[in-house]
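To start, the structure itself, in structure tokens.
Protein chains in written order, with full-length UniProt numbering: chain X, 1 to 438; chain P, 1 to 438.
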């Protein structure tokens, strides 16, 4: 049963592998070939799985894939979704099949993992500095002449390392490098246009390298003051655009097109508008968005931010039909030790806790027709490594053995806790297993 | 090269597996058989690895193994170290070879993973409620008559589920169940001695089950007021002891001995003293400690707490030679974008951030003789998914490409971020790879 398109990736090896007893979420005492998961007729609400279990709603994934495809088409921008969010080959495949230009990644091991599954074009949206990592990626480029990799630099030392290794690596093509423009007080990246210009000259002159574009990350500007955010993001994007004109005027860009890349999961509409407006350069501009969290959205931080994005988009867009949360973690009530307290079989090892704690959505007693929504007063206020503390208002019927469905905030820090996640239909029938490669 | 004893576990399969490019920490562009890691002559300080990389100092592991073995011998208690900390078969093996009575685990999948590697006795220090999990563990017990499993219960519903499944499972022996005594306002466990007594009667009378002992977790009482902690822990342990006498007087225990288990990684000395003093029951008492963090210790929370423990132990113990931090995460400086700020290639995906952020210990420029200790003012004050922000006082020489070694606080939430960790000698020569099974 193929639910998600595979984008042509090499996923058969994963589907053929034996899932071992002890794989979180799977109720197996014997090894099970992964492609057999879909025919087990497991249903999460029937308590057929182990708990906790991480599930992805297929209908929401498909909706979000289509949403983003339409968004990119509307603005004539391309998407290299940040793969570090999920690190799931099957989800990479679905993204590529839905028109993604490539996959963005954050580290050399992530690039190697993606390449192994067949991803053909990667934007490494990070400085590449460690010599062993540089060597491993150059070996990949040497052995696979069709593999495309773009990397970042924000320092002369970074450029020196890349050039020194690339020049003698025999990869048969220059290594495309984007200069990173940063933001004062934030993360990496040149802090001034002058610094960025100087570094761009260094890259353009370096043996083995090619200045392929400019990268920035406006997502570092997200704060609680959203109106101020929008102003700051637009100012930053204007700087990127200005730098592009300046570098182009100096003839520093070396590739067939000029990549301008930004776009976390909160303000990518602003990026699409700003970079879509950069025109009149000596060669085509390719605006590359990088949102990673659009695919699954969440029930917290990103759901709010993309709702605001939809509002900015207005009626022409999908205000009434925005990105949908796809990722849930279901656990079981292990204990009801006191009135008002349920202890769940889910902890820091299972669900994000960095931005917010998981949001308890629903309780389900197997055998009941539907899960029951939990009231606002029912909330998780603490997690240990393997347990969550669900506080319950008076009158909420939650017993030992009931199932509790939770939304999460920040998909990146939930995906990395699950080697295998289960795709489910809207009735929580398990359709297939997907992998993560963290 | 065997550095750690293997405890007789089935580790050859792991050592024979092909480590794939993309495995965090490994500088490989081609698959590498795991047992070949030790002959690559990688040295972390020579920047031979990928960064970040998680390393365990073999000398510290061996020291801590011996320390705990001596501790248990001194108090005549046994250790079932909490395996959820590391979930590493190789470390389980070393613990078993150093006299561990069994391995404690927190979830059914963890039990299945440990059993697969050859662990023969598990204390599941948690309620076992999900029917699929119960079935999977009963299948394990049925298929392996020599496998020993102890589980917890704190509710009649939990007992009903265990009994209903165990009675008809054909496992040929009763399932040993410990009643969990809890603490008001804390996690699972019966809240009063009366409740625990009633539940113990239920367990003792349930088909397929055997009342094997009492479990509690004094670690939930750790607070910033350590003097008060000690009082509260001792009071709680006295309750466990009183309950043991009461249940024994009623003849409820069913096994050959009475398990009394407690002991996180902070106050296990108090547990050893308290349970070692329970005498005069109808059958032998077996005090089972469960510390998981002693093996690697850390540079934060647990290092402090075990130093206090050593102080309580006085001169007769190892005050001058306590548990040593074994776990470090090394990353590389990706960017020096501003004075006073270095961006490291290590983030929430790589190091604990739940109790404290990583502690920057040392900086090393490959080629230098030794790493240089970082001053107290050099500290990580923020992490993103894949980056850390290292703040630097004036005059500290840190450049792009330098390596930064960090200690962590709370090993459990670092181990689960690393499928493979590297054992190193005191000069950071890589000796072998070990696995985690999260």
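Just so you know, even glycine gets a beta-carbon here, dropped at the ideal spot from N, CA and C.
When C-beta atoms of the stretch 14-25 of chain P are compared with those of the stretch 381-400 of chain X, fewer than three pairs fall below 8 Å, so the two segments do not count as touching. Assignment of residue 67 (chain P) by DSSP, reduced to helix, strand and coil, places it in the helix class. Scanning its chain for C-beta atoms nearer than 6 Å, with the 5 sequence neighbours on each side dropped, one finds around residue 189 (chain P) the residues 154, 180, 181 and 182, in chain order.
Nearest CB-CB separation between residue 49 (chain X) and chain P: below the 8 Å threshold. Within the stretch 188-219 of chain P, the complete alpha helix (DSSP H) segments at least 4 residues long are 193-205, listed from N- to C-terminus.
Ranked by how close their Cα comes to the Cα of residue 362 (chain P), the residues P:167, P:407 and P:209 have P:407 in first place.
Just measuring C-alpha positions, the residue of X:330, X:192, X:375 and X:355 sitting nearest residue 47 (chain X) is X:330. In chain order, 342 and 400 place their CB closer than 6 Å to the CB of residue 336 (chain X), counting only its own chain and leaving out the 5 sequence neighbours on each side.
Residue environment: residue 257 (chain X) is assigned as exposed (fewer than 16 neighbouring CB atoms within 10 Å of its CB, all protein chains considered). Taking 8 Å as the threshold, the shortest C-beta distance from residue 126 (chain P) to chain X falls below it. Here residue 50 (chain X) has 24, 25, 26 and 27 as same chain residues with Cβ atoms under 8 Å from its own Cβ, once five neighbours each way along the sequence are excluded. Going by DSSP, residue 364 (chain P) is part of the beta strand (DSSP E) stretching over 359-364.
Put simply, the backbone Cα of residue 306 (chain P) is about 8 Å away from that of residue 267 (chain P). Counting along the chain, the unbroken alpha helix (DSSP H) around residue 93 (chain X) starts and ends at 89-97. Judged by DSSP in its simplified three-state form, residue 335 (chain P) adopts strand. Here residue 33 (chain P) is exposed. Its C-beta has fewer than 16 other C-beta atoms within 10 Å. Proximity to residue 280 (chain P) across P:238, P:244, P:380 and P:121 peaks at P:244, based on C-alpha coordinates. Spanning the alpha carbons of residue 365 (chain X) and residue 359 (chain X) requires a straight line of approximately 18 Å. Only residues of its own chain outside the window of five on either side were considered, and among them 347, 348 and 349 have a CB closer than 8 Å to the CB of residue 385 (chain X), listed in chain order. Using beta-carbon distances, residue 387 (chain P) counts as an interface residue toward chain X, with a partner under 8 Å. Short of 8 Å from the beta carbon of residue 382 (chain X), and not among the five residues preceding or following it, lie these beta carbons of its own chain, in chain order: 357, 388 and 389.
Against chain P, a Cβ distance below 7 Å from residue 225 (chain X) picks out nothing, because the smallest value is about 19 Å. The continuous stretches of beta strand (DSSP E) do not include residue 297 (chain X), and DSSP gives it neither H nor E. Residues 300, 301, 409 and 410 of the same chain have their beta carbon placed closer than 7 Å to that of residue 355 (chain P), with the five preceding and five following residues left out of the count. Cβ contact annotation for residue 151 (chain X) (same chain, cutoff 6 Å, sequence separation greater than five): 124, 128 and 177, in chain order. Interface with chain X (8 Å Cβ-Cβ cutoff): residue 55 (chain P) is excluded.
For residue 175 (chain X), there is no enclosing alpha helix (DSSP H); the enclosing beta strand (DSSP E) has its first and last residue at 175-180. Residue-level contact check: residue 157 (chain P) touches chain X, since one or more beta carbons of chain X fall below 8 Å from its beta carbon. Taking 4 residues as the minimum length, the alpha helix (DSSP H) runs contained wholly in the UniProt domain "D-serine dehydratase-like" (326-425) of chain X are 412-415, in order along the chain. Taken atom to atom, the span from the alpha-carbon of residue 242 (chain X) to that of residue 236 (chain X) is near 10 Å.
Membership of residue 287 (chain X) in the beta strand (DSSP E) is indicated by the continuous run 285-289. Runs of the alpha helix (DSSP H) lying entirely within the stretch 97-167 of chain X, each at least 4 residues long, are 108-116, 131-143 and 156-167 in chain order. At the C-beta level, residue 78 (chain P) and residue 419 (chain P) stay beyond 8 Å of one another. Across the set X:56, X:169, X:173 and X:291, the C-alpha of X:291 shows the shortest separation from the C-alpha of residue 272 (chain X). Neighbours of residue 335 (chain X) across chain P, judged by C-beta separation under 7 Å: 127, 154, 155 and 188. For residue 33 (chain X), there are no neighbours in chain P by C-beta distance under 9 Å, as the nearest C-beta there is about 17 Å away.
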